[in-house]
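Following: one structure in structure tokens, then a few remarks.
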Amino acid sequence: MQIKYTLPGLKGYKRLERIYYNSLMISEEAKRRKKILEFWEKYGLAATTEAFGVSRRTLFRWKKSLNDADGDIKALNPKSRKPKRVRESKVPREVINEIKRLRKEYPNIGKAKLYHLLKPFCEEKELKTPSESTIGRIIAKAPDTMRLFPYRVKCNLKMYQDAK
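In my numbering, the protein residues as written are 20 to 183.
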């Protein structure tokens, strides 16, 4: 992300704007953690763990990250909890494309019937046929491209929305 300076002609304005921008990056959680660390220095470990419900290990981890960043409070911002690696589907792209093609040819066909239409294709290409539940997950993962009608069609041609 680029920082745009609105008043570049004023002396010291860039520095002030950078300080303001960095102050926005400090979360409320980081401020809370800093306050807990200050309380720990003043009143000790037992009082801090009882007052805030934070473990000894957590306090030392926060203190280490703060010291490693030379006292910069941004180091206390919570880190991302997202997994570094997310499991990827082992279903080949050809099979997914064939499911899409079949869904366009037969709109709103179910996963059970789709399994039997997909089986000859997979045998011909020497691919493992995905199970019915896997086909259902593939359809659910991309509902906008797999379902032509946003509503299910009843036998009397009335449409109704999925109950979720």
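Every residue gets a Cβ at the ideal spot worked out from N, C-alpha and C, and that includes glycine.
Note that the coordinates shown come from a computational prediction; the quantities given were computed from them, not determined experimentally.
Residue i - DSSP class collapsed to helix/strand/coil
{"i": "residue 104", "result": "coil"}
{"i": "residue 97", "result": "coil"}
{"i": "residue 139", "result": "helix"}
{"i": "residue 70", "result": "helix"}
{"i": "residue 89", "result": "coil"}
{"i": "residue 36", "result": "helix"}
{"i": "residue 131", "result": "helix"}
{"i": "residue 49", "result": "helix"}
{"i": "residue 161", "result": "coil"}
{"i": "residue 153", "result": "helix"}
{"i": "residue 109", "result": "coil"}
{"i": "residue 82", "result": "helix"}
{"i": "residue 147", "result": "coil"}
Exposed unless 16 or more other CB atoms sit within 10 angstroms - verdict on residue i
{"i": "residue 85", "result": "buried"}
{"i": "residue 114", "result": "buried"}
{"i": "residue 122", "result": "buried"}
{"i": "residue 49", "result": "buried"}
{"i": "residue 40", "result": "exposed"}
{"i": "residue 32", "result": "exposed"}
{"i": "residue 103", "result": "exposed"}
{"i": "residue 134", "result": "buried"}
heavy atom of the ligand COA below 7 Å from residue i C-beta
{"i": "residue 97", "result": "The ligand COA is not part of this structure, which contains no ligands at all."}
Integer-rounded CB distance, given that residue j should sit under 8 Å from residue i
{"i": "residue 137", "j": "residue 157", "result": "Going by Cβ atoms, the distance from residue 137 to residue 157 rounds to 10 Å, so no, they are not a contact pair."}
{"i": "residue 96", "j": "residue 150", "result": "Rounded, the Cβ-Cβ distance is 43 Å, inconsistent with contact."}
{"i": "residue 147", "j": "residue 141", "result": "7 Å"}
{"i": "residue 44", "j": "residue 93", "result": "6 Å"}
Top-ranked residue by Cα proximity to residue i, from the options
{"i": "residue 55", "options": "143, 43 and 69", "result": "69"}
{"i": "residue 160", "options": "146, 148 and 108", "result": "108"}
{"i": "residue 129", "options": "106, 93, 142 and 153", "result": "153"}
{"i": "residue 52", "options": "83, 36 and 127", "result": "83"}
{"i": "residue 91", "options": "38, 134 and 103", "result": "38"}
Count the CB pairs spanning the stretch 46-61 and the stretch 76-83 that are closer than 8 Å, and state whether there are at least three. Enough Cβ pairs lie closer than 8 Å, so yes.
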